[in-house]
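> Residue numbers (the numbering used here): 741 to 927. Would you mind keeping the following structure in view while I ask a few things?
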């Protein structure tokens with residue numbers, strides 16, 4: 741699904757999509773809302789590979805917006821953080837072991853970004869390859885790493901969703917075959 745968000749500090753929204761072709765594989769491209777292409781990431785691994793864009797947030801310490809995406813989400817996915825530099829979306833951090841969705845699934849909202857631990861910076865909550873845990877992937881000065889993990893209590897079968905609570909805290913919810921799991925963090 742397209743994302744409408746700014747990838748620069750000027751707050752002008754861009755339309756961010758995954759573009760794929762049989763020769764170059766999938767790459768993320770940002771377009772102006774009027775249509776012209778503004779920036780593109782590189783393709784990878786030839787054809788028949790996928791990159792799933794997930795969220796845009798100021799993941800790094802300098803508060804510049806970055807795109808979080810999972811490369812090959814079906815087969816040993818890697819979370820990649822991309823930053824717009826002129827006409828290029830450059831990878832600035834990555835960590836392997838995550839799966840935002842399974843092959844053939846209609847469940848495509850497989851991650852959510854937010855400051856879930858009140859640490860002052862957003863994390864990306866995304867299922868691990870087993871789909872039994874949500875990993876909180878955080879940008880670091882040298883790239884990215886898993887900061888902490890939540891047990892789902894079964895295998896994930898739904899989208900990952902989050903909302904801000906009236907007290908300023910955050911709630912995140914997922915479903916699995918046996919029920920629903922909800923976590924809340926205080927303000």
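Backbone N, C-alpha and C define an ideal beta-carbon position, used for all residues, glycine too.
Curious, which full-length beta strand (DSSP E) runs of at least 3 residues does the region 842-897 contain?
852-854, 863-867, 873-880, 883-891
> Taking just the CA atoms, how far does residue 783 sit from residue 793?
14 Å
> Indicate the three-state DSSP secondary structure (helix, strand or coil) for residue 916 in the structure shown.
In the three-state scheme derived from DSSP, where H, G and I count as helix and E and B as strand, residue 916 is classed as strand.
> Quick test of your reading: residue 836 and residue 850, contact by CB under 8 Å. State the CB separation rounded to the nearest angstrom.
16 Å between Cβ atoms; not a contact.
> Have a look at the DSSP bridge pairing and note the partners of residue 910.
904, 925
> Tell me the DSSP secondary structure of residue 792 in three-state form.
Here residue 792 sits in strand by DSSP.
> Per DSSP, what are the beta-bridge partners of residue 760 in this structure?
766
> Helix or strand or just coil, what does DSSP make of residue 804?
coil
> Just reading off the beta strand (DSSP E) that residue 937 is part of, what are its end residues?
Look at the range of the chain in this structure, 741 to 927, and you will see that residue 937 is not part of it.
> By a C-beta neighbour count over all protein chains shown, 10 Å radius and 16 as the cutoff for buried, is residue 905 buried or exposed?
exposed
> Do residue 910 and residue 855 come within 9 Å of each other at the CB atom, strictly closer than that value?
Contact check for residue 855 against residue 910 passes: the beta carbons are separated by less than 9 Å.
> Return helix, strand or coil for residue 812, following the three-state DSSP convention.
Looking at residue 812 - three-state DSSP - the assignment turns out to be coil, as it is neither helix nor strand.
> Spatial neighbours of residue 811 within its chain, please: C-beta separation below 6 Å, excluding the five flanking residues on both sides.
791, 818, 820
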